[in-house]
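**Q** The numbering of the sequence shown is full-length UniProt numbering, which starts it at 1 and goes up by one.
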Amino acid sequence: MYKDNLMEKLCSCGGLMNLHMHSLIFNTKMKITHVPVYTCPECASYEPLQFIKADLGKVVKELSGDDKGKDFLFTERNELASVLKESLSETIIGGISELETIIRERIQSRVDMLLDIYRLAEKLSDQHWMEETSRRLSQLTFQMTENEDYKKIV
1 MYKDNLMEKL CSCGGLMNLH MHSLIFNTKM KITHVPVYTC PECASYEPLQ FIKADLGKVV
61 KELSGDDKGK DFLFTERNEL ASVLKESLSE TIIGGISELE TIIRERIQSR VDMLLDIYRL
121 AEKLSDQHWM EETSRRLSQL TFQMTENEDY KKIV
C-alpha cells in the first residue's frame, strides 16, 4: 500500500509540486477531465501522477482515432483518480498529513469493496467481471519503489 507523500513532490527546479485534479486538452478537440497532476508554482511545469500515466496513455491512444470533440472523465477509467477526486473535492480540516491519511483510508476502503465484488464475481463464475475488478484493484494496489522524487517532504 502507498506509504510516501502523495500530495507533494520535488520538482526538478527545486520547487515543491502540489497534486490537484486537472483537465488536459488533447489535439485541441478532446478534453480529459479529473486527471491527477502535480504542478510547480516556481517553474509552472506539470506532470501526471506517476501511477496513472499508463492508463492516461491508453485513453489518449483510444481518443486519438476519434475525430469529434469529446469530453472524457478520467475518473471513470482509473480507480486512483476517482478516490483522489472524491477526497480532494471535500473540505478537510487540517493539513496535508490529514489529507494523506484520509486518502490512504479511502484507498483501503475501495480495495475492500473491490475485493468483495471480486469474491461475488468469482462465486457467480463471471470471468469478465472478475477480470474487470482485478484491473480496477491493480490501479489501487501499486507498490512504491525507492524513488528520490517521492520522498516524504517534511
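Just so you know, even glycine gets a beta-carbon here, dropped at the ideal spot from N, CA and C.
Measuring only the C-alpha atoms, how far is residue 135 from residue 100?
**A** 24 Å
**Q** Examine the Cβ distances between the stretch 35 to 43 and the stretch 104 to 123 and report whether three or more of them are shorter than 8 Å.
**A** no
**Q** Tell me whether residue 92 is buried or exposed, calling it buried when 16 or more other Cβ atoms sit within 10 Å of its Cβ.
**A** exposed
**Q** Residue 30: which of 110, 105, 74 and 79 sits nearest, CA to CA?
**A** 74
**Q** Among the residues of its own chain, which have a CB less than 6 Å from the CB of residue 85, if the five just before and after it don't count?
**A** 21, 34 and 75
**Q** Would residue 87 be called buried (16 or more neighbouring beta carbons within 10 Å of its own) or exposed?
**A** buried
**Q** Quick one: what does DSSP say residue 153 is sitting in, helix, strand or coil?
**A** With a pLDDT of only 33 at residue 153, under the threshold of 50, the placement of this residue in the model should not be trusted, and no figure is reported.
**Q** Identify every run of the alpha helix (DSSP H) within the stretch 110 to 142, keeping only runs that are complete inside it and at least 4 residues long; order them along the chain.
**A** 127 to 138
**Q** Alpha carbon to alpha carbon, how far is residue 61 from residue 108? Give it in angstroms, no decimals.
**A** 30 Å
**Q** State the DSSP-derived secondary structure class of residue 28, mapped to helix, strand or coil.
**A** coil
**Q** Given that a residue counts as buried once 16 or more other Cβ atoms are within 10 Å of its Cβ, and exposed if not, what is residue 78?
**A** Buried.
**Q** Assign residue 9 to one of two classes, buried (16 or more other C-beta atoms within 10 Å of its C-beta) or exposed (fewer than that).
**A** buried
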